[in-house]
């Protein structure tokens, strides 16, 4: 009976957890798993630069150790008077130049790629940072008009809700009681929903102070300034629920300003967008969650 209960609990957890999700984890020392070509390029560049940094660091440490031992006062009472060595001068001038060029070329290529989408974005989303939540506008109407608008606010936080009971009530009302899938300080009431594989343009601004729209799994990090409009993009490659946060200190509750992006199939996105455009975004989100859980239930049963 205990085994059956454990299996049932595990199945329930699997059904309530997205097929793919990424978020900060305890003792994390590296990036979140890349879920866009842009982030994949960033991870590659990190490993590429480490291929230079590690040998240089080890070489300098070994050289320092050698000099400290070879030329210590007890073994070398008369200091060397050498003031110039042409070979050394040439090497320590040309070698750093070559290394910097080798790093600069892919660095500039990566920087250029971050501002040049591979194709014309199919979706444009304007995000406006406020103290301490996000205003979301899907500009899919005629002449860039906002066809879907809503706020993205944190849920499940005792500090914001006022009490533990109120925080749990928020979760229950939205069907997000599972803190593994919807972690404290990261869970939101209404995620941004986008289709997998689509290039999404993100316009970032702010309504009060400077904020920053950051989503590590997609390699996104863009400041939002009051009165200015900055632009970036991402192209998600895996379905699931992803988390980010405001990454610019913006006031007392800066730590309570998460970002949630749910990546779904094109068909599920079309269904959600049609329902959300009618004004009932929360209802559209609940219907989407029910659809995704039903699909996962079928997948579990088939396996």
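Numbering (the numbering used here), first residue to last: 3 to 305.
Positions of the beta carbon are idealized from the N, C-alpha and C atoms, including for glycine.
{"Asked": "Residue nearest to residue 224 in terms of C-alpha spacing, selected from 191, 129 and 259", "Found": "129"}
{"Asked": "Selection from 46, 154 and 101 that minimises the alpha carbon distance to residue 57", "Found": "101"}
{"Asked": "Beta-carbon proximity list for residue 151, same chain, < 6 Å, skipping 5 on both sides", "Found": "139"}
{"Asked": "Straight-line Cα distance separating residue 282 from residue 178", "Found": "18 Å"}
{"Asked": "Complete beta strand (DSSP E) runs within the segment 124-202 (minimum length 3 residues, chain order)", "Found": "125-132, 135-140, 150-154 and 194-197"}
{"Asked": "Outcome for residue 274 when other beta-carbon atoms lying within 10 angstroms are tallied against a minimum of 16", "Found": "buried"}
{"Asked": "Contact check, residue 34 vs residue 218, beta carbons under 8 Å", "Found": "yes"}
{"Asked": "Distance between residue 203 and residue 220 (C-alpha atoms, nearest Å)", "Found": "12 Å"}
{"Asked": "Alpha carbon of residue 271 to alpha carbon of residue 195, nearest angstrom", "Found": "7 Å"}
{"Asked": "Backbone CA spacing between residue 207 and residue 259 [nearest angstrom]", "Found": "15 Å"}
{"Asked": "Any 3 or more C-beta pairs closer than 8 Å across the segment 156-176 and the segment 80-90", "Found": "no"}
{"Asked": "Limits of the unbroken alpha helix (DSSP H) element including residue 68", "Found": "39-72"}
{"Asked": "Where residue 193 falls, given that 16 or more other Cβ within 10 Å makes a residue buried", "Found": "buried"}
{"Asked": "Close beta carbons around residue 78, own chain, < 8 Å, minus the five adjacent residues each side", "Found": "72"}
{"Asked": "Residue 156, buried or exposed, once every other Cβ within 10 Å from all chains shown has been counted against 16", "Found": "buried"}
{"Asked": "Neighbour-count burial assignment, residue 294, 16 or more Cβ in a 10 Å radius", "Found": "buried"}
{"Asked": "Cβ separation of residue 277 and residue 286, assumed to be a contact under 8 Å, to the nearest whole Å", "Found": "4 Å"}
{"Asked": "Residue 189 vs residue 158 beta-carbon contact at 8 Å", "Found": "yes"}
{"Asked": "Span separating the alpha-carbon of residue 44 from that of residue 74", "Found": "44 Å"}
{"Asked": "Supposed contact pair residue 222 and residue 234 - C-beta distance, whole angstroms, cut 8 Å", "Found": "6 Å"}
{"Asked": "DSSP bridge partner residues for residue 246 (one or two, in chain order)", "Found": "261"}
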